[in-house]
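This report concerns only the one structure given below.
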Amino acid sequence: MHDESRTLRPAAMVASSAASLDSAGPQSATRRAVWTTRLVVVGIVLAALNLRPAITSLGALLEEARVGLHMSGSVAGLLTSVPPLCFAVFGVAAPRLARRFGPGAVVCAGMAAIAVGLAVRPFAGGAAGFLAASALALMGIAVSNVLMPVIVKRYFPDRVGSMTGLYSMALALGTSLAAAATVPVTQMLGGGWRVGLAVWASIAVMAVLPWIALVRDRNRARPDSAGAAAAEGVPAPRITRSPTAWALGCFFGLQATGAYITMGWMPQIFRDAGVSASTAGVLLAVTMVMGVPLAFVIPRLASRMKNQGPIVIALGGCGLTGYLGLLLAPAAGAWAWALLLGVSNCAFPLALTMIGMRSRTGAGVVRLSAFAQSTGYLISIPGPLLIGVLYQHSGGWTLPLGLMAGLLVPQMIVGVMAGRDRTIEDEPRVRD
655 MHDESRTLRP
665 AAMVASSAAS
675 LDSAGPQSAT
685 RRAVWTTRLV
695 VVGIVLAALN
705 LRPAITSLGA
715 LLEEARVGLH
725 MSGSVAGLLT
735 SVPPLCFAVF
745 GVAAPRLARR
755 FGPGAVVCAG
765 MAAIAVGLAV
775 RPFAGGAAGF
785 LAASALALMG
795 IAVSNVLMPV
805 IVKRYFPDRV
815 GSMTGLYSMA
825 LALGTSLAAA
835 ATVPVTQMLG
845 GGWRVGLAVW
855 ASIAVMAVLP
865 WIALVRDRNR
875 ARPDSAGAAA
885 AEGVPAPRIT
895 RSPTAWALGC
905 FFGLQATGAY
915 ITMGWMPQIF
925 RDAGVSASTA
935 GVLLAVTMVM
945 GVPLAFVIPR
955 LASRMKNQGP
965 IVIALGGCGL
975 TGYLGLLLAP
985 AAGAWAWALL
995 LGVSNCAFPL
1005 ALTMIGMRSR
1015 TGAGVVRLSA
1025 FAQSTGYLIS
1035 IPGPLLIGVL
1045 YQHSGGWTLP
1055 LGLMAGLLVP
1065 QMIVGVMAGR
1075 DRTIEDEPRV
1085 RD
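Counting from 1, position 318 in the sequence shown corresponds to residue 972 in my numbering; the numbering is continuous, with no gaps.
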């Protein structure tokens, strides 16, 4: 596997180094390779920071935006379900775009779409314009979601775990930062919700810059010709024949369902148990912040293991304990349950790591990432809505918490299947 990974280094980088050797000598080639690697790292971190603020910043100011845009409650509710739908729909287009323009160029365009969408939506003038601009930003997020594991595999084939950890940590940091800082920043800037939402576009603009530098040299940014030909030569439907791909897609969807339910409903669970609103918000922040350090640790650990099933079971066990605690003693053990659920939600960086490990080729990672994430986000859409229906009709949290805990059982089963030491290229049904 180690020898195979060496062959996955971008041919464009090798060609660039060779050209530099001919024209400027080995020292110049080395400097250029180091510069490119550092620029890719900066680009990955900045891109990851921008993959969630469009969602969590709006959550912090949703009521102000609803009143300011004269939205009905149903339209405001639609906003909360749009992200996973956009991730599923637009993420499917990422492989085709990557083959046509190169992964780096598509990520660059994705960051630009996020910047424009975040800058325009607060000033769109109505609910329809706000939704359209939000969809533009979410489209940029969707293609970047899919292509980040591809970029990691392409430039760092022998460091998939550590780079996925860095990317996941930056993503978790961006998520938490936007959730925690949007309201204070809005107040600091004068209290206007429009400016408070638009300010996050500035970080997206910063993320565009390193990717522009990377795609200026088309030979470095585009997939190598052999890889592109191989990607074009593999029929798209074959990924649907892979048991590993389906297991990974279901695992991704079930962990996303748990994460969205936690973000949407956990504060209400604590408040109904007698915890103050401010403390409930802090408890949610604790759950989200847990993802920052663990998102770096878990991928590194997973990449050193041939089988990631034990990590899947450990994370699921933390979630089951957390939900049981919320059912039996929600207020008395609130901090412990928040921490355990924060650990459980780190199944997300584990899923990203497994995407990079379950394929030997760059083309395979593109296809697997698009399939797993699009399938997963489609699976995650009904979960938060179903929890709300159960809560409303049962009048309590027993049934919703039972469902939330119950979903962890199939999550662990498919996670163990996805974590087996194999690649999709080795599965007979995919090759046939």
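A virtual CB, placed ideally from N, CA and C, is assigned to each residue, including glycine.
Collapsed DSSP secondary structure at residue i in the structure displayed
| i | result |
| --- | --- |
| ALA880 | Low confidence applies here, because ALA880 scores a pLDDT of 36, under 50, leaving its location unreliable; read the following figure in that light. ALA880 falls in the helix class under three-state DSSP. |
| GLY783 | helix |
| CYS740 | helix |
| TRP900 | helix |
| ALA1072 | helix |
| GLY976 | helix |
| PRO984 | coil |
| ALA769 | helix |
| MET860 | helix |
| ALA1001 | helix |
| VAL853 | coil |
| PRO889 | For PRO889, the predicted model reports a pLDDT of 45, less than 50, meaning its position is unreliable; a value from the coordinates is still stated below. Coil at PRO889, not helix or strand. |
| ARG870 | coil |
| GLN1065 | helix |
| GLY945 | helix |
| LEU705 | coil |
| GLN962 | coil |
| MET917 | helix |
| THR1007 | helix |
| GLY756 | coil |
| GLY970 | helix |
| SER726 | coil |
| GLY764 | helix |
| ALA990 | helix |
| LEU715 | coil |
| THR1077 | coil |
| VAL929 | coil |
| ALA791 | helix |
| VAL940 | helix |
| ALA1115 | The structure shown has nothing for residue 1115, since the chain only spans 655 to 1086. |
| ALA778 | coil |
Residue i burial status per 10 Å Cβ neighbour count (16 or more: buried)
| i | result |
| --- | --- |
| MET942 | buried |
| THR1052 | exposed |
| TRP991 | buried |
| ALA983 | exposed |
| TRP989 | exposed |
| MET1142 | Nothing can be reported for residue 1142, as the shown portion of the chain is limited to 655 through 1086. |
| ALA986 | exposed |
| ARG870 | exposed |
| GLY1021 | Residue identity differs from the one stated: residue 1021 is Arg in this sequence, not Gly. The residue is buried, with at least 16 neighbouring Cβ atoms inside 10 Å. |
| LEU703 | buried |
| LEU790 | buried |
| ALA931 | exposed |
| LEU843 | exposed |
| ASN961 | exposed |
| SER1048 | exposed |
| PRO1038 | buried |
| GLN909 | buried |
| GLY845 | exposed |
| PRO1036 | exposed |
| GLN841 | exposed |
| THR1015 | buried |
| PRO838 | exposed |
| SER856 | exposed |
| GLY976 | buried |
| TRP847 | buried |
Handout entry: Inter-stretch contact at 8 Å, needing at least 3 Cβ pairs: the segment 903 to 910 / the segment 1067 to 1079
Key = yes
Practice task
Quick one: which unbroken alpha helix (DSSP H) runs of 4-plus residues sit fully inside the segment 798 to 846? Chain order, please.
Solution key: Qualifying alpha helix (DSSP H) stretches, in chain order: 814 to 842.
Handout entry: Segment contact flag, the segment 915 to 933 with the segment 988 to 1000, C-beta cutoff 8 Å, min 3 pairs
Key = As far as the Cβ criterion goes, the segment 915 to 933 touches the segment 988 to 1000, which means the pair count is three or higher.
Practice task
Examine the Cβ distances between the segment 765 to 784 and the segment 851 to 867 and report whether three or more of them are shorter than 8 Å.
Solution key: yes
Exercise for the section: Evaluate contact between the segment 799 to 818 and the segment 998 to 1010, counting only Cβ atoms and requiring at least three cross-stretch pairs below 8 Å. Expected result: yes
Problem - Complete runs of the alpha helix (DSSP H) confined to the segment 1012 to 1059 [at least 4 residues] - result: 1016 to 1034 and 1036 to 1048
Practice task
Could you tell me whether the segment 1014 to 1029 touches the segment 739 to 758, using the rule of 3 or more Cβ pairs below 8 Å?
Solution key: With the rule of 3 Cβ pairs closer than 8 Å, the segment 1014 to 1029 counts as touching the segment 739 to 758.
Exercise for the section: Kindly confirm or deny that the segment 947 to 967 and the segment 821 to 835 touch, where touching means at least three C-beta pairs closer than 8 Å. Expected result: yes
Problem - Any 3 or more C-beta pairs closer than 8 Å across the segment 811 to 824 and the segment 752 to 763 - result: no
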